Amino acid sequence: TGAVYLFRNASGWTQEAYIKSDNPQDYDYFGAAVALSADGNRLAVGAIGESANDSGAVFIFDYDTNTGWSQQARLKAANAGVNDNFGNAVALSADGKTLAVGAVYEDSDTTGIDGAYNNNADDSGAVYLFEAAGGTWSQTAFVKAANTQAFDYFGVAVALSPDGDTLIVGAYDEDSQATGFDGDGTDNSVSNAGAAYQFHRDASGWRQIAYLKPPVTTNTGYFGITVAAATGITAAGSPNEPSGKPGDPTDTSATNSGAVFLY
């Protein structure tokens, strides 16, 4: 079923809570992903096997100094599908009011923001954005890459900036040979090279603003399998990157040594 354990450091680390969903079931995989707000009083938990068809869910818990932790919401994708793995990655803004959720096996072939729901691109992946207002959560965006392809696994990793206005999404099996910024995402000649995507929210909503690749693309580099975001900076991991010389991404002398790229 899965569980989450919460620890707090006051005058030393102690376990504060043992968290389960309100309806635990076999093979829910509750705890597959977790995220906390900056003050540590809101917790998001992914359960990728939740429901009979393994569509997945995310559970929101809040902390009260008098009553402790309690479940506040159970969130599902608007187009919940069989084996979508909704909740494989989660991220919260600092204030805990914006939530990003990856569904790495979502199958729509649409591109951009709030496109059509369908099942025409197996495991292309998607990200869902939710907002909390007045204690109620609602889905505010359905996010896809500008170059959606089957088996890219867009949404394998997600990160939000502290203000919640910048979203980073990894797609570790994306196959383009592009390098750097905003290259040709339609070329599929480097298998599993990986990519990361940057989205920004303003008054008109969300939009993709950058398509990120490493300076040298490599087969099975898995760039974007991990991502992180802070104010003004993005990190993307590439665990199979082969350089053996720090600062020289053209070197290939250390198989699967791995690298992190900062943007």
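Just so we're aligned, residue 4 is where the sequence shown starts under my numbering, counting upward by one. Using N, Cα and C, we set each Cβ at its ideal position, and we do this for glycine too. Computed from a predicted structure; not experimentally measured.
Following the DSSP letters along the chain, one finds Phe145 inside the beta strand (DSSP E) bounded by residues 139-146. Short of 7 angstroms from the beta carbon of Ala162, and not among the five residues preceding or following it, lie these beta carbons of its own chain, in chain order: Ala94, Ile171, Val230, Ala231, Ala232. Counting along the chain, Gln18 sits inside the beta strand (DSSP E) bounded by residues 16-22.
Residue pairing for Ile116: DSSP places it in a beta bridge opposite Val146.
Scanning its chain for C-beta atoms nearer than 6 angstroms, with the 5 sequence neighbours on each side dropped, one finds around Val263 the residues Ala238, Gly240, in chain order. Annotation: the continuous beta strand (DSSP E) that includes Asn91 extends over 89-95. Annotated as distal: Lys100 and Ala76, with beta-carbon spacing of 9 angstroms or more. Straight-line measurement puts the Cα of Gly34 at about 20 angstroms from the Cα of Gly128.
Gly5 carries a strand assignment under DSSP once its states are collapsed to helix, strand and coil.
Note on geometry: alpha-carbon atoms of Asn12 and Asn150 lie some 44 angstroms from one another.
The beta carbon of Ala92 sits closer than 6 angstroms to those of Ala36, Gly105, Ala160, Val161, all from its chain and outside the five residues before and after it, given in chain order. Per DSSP, the beta-bridge partners of Val263 are Gly240. Secondary structure note for Asp125: it is in no beta strand (DSSP E), with a DSSP letter that is neither H nor E.
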